[in-house]
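In my numbering, the protein residues as written are 1241 to 1376. The C-beta atom is built at its ideal place from N, Cα and C for all residues, glycine as well. What follows is a single structure, written as structure tokens, with notes after it.
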């Protein structure tokens, strides 16, 4: 079973709205992508909705505690390039970050995890192996 650890909102919405407000006129961007997890006989298959991200914006790893770590970072250019007579009248593109840490089950080949991005979907394949029963 794949367990996802997510932070919980313990404070009322009013408190969150106060501190999530971008005082330049917009609310802060919620960067948590939608996720699907499927299981079949051979593997677990994960999908993250990541429109506009490339493989350079993503980092997938297994940490020292055998957790799957999925990190996404999208940065926008702060300085304007090109003609010095050109400037933004409105600039709504924002930078965003996301990090998901999931406990991996014992029956995963941790060295055979595969990931690819296509058409705005990050697909991660976690191949399974049989766990040998320990005899008493």
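{"query": "Can you pull the DSSP bridge partners for residue 1355?", "result": "1364"}
{"query": "Using 8 Å as the Cβ pair cut-off and three pairs as the minimum, do the region 1287-1299 and the region 1353-1362 touch?", "result": "yes"}
{"query": "Please report the straight-line C-alpha distance between residue 1350 and residue 1324, rounded to a whole angstrom.", "result": "50 Å"}
{"query": "Would you please verify whether the beta carbon of residue 1360 is less than 8 Å from any beta carbon of chain C?", "result": "Here chain C cannot be found, since the structure has a single protein chain."}
{"query": "Between which two residues does the beta strand (DSSP E) containing residue 1284 stretch?", "result": "1283-1289"}
{"query": "Give the range of the beta strand (DSSP E) segment to which residue 1301 is assigned.", "result": "1298-1302"}
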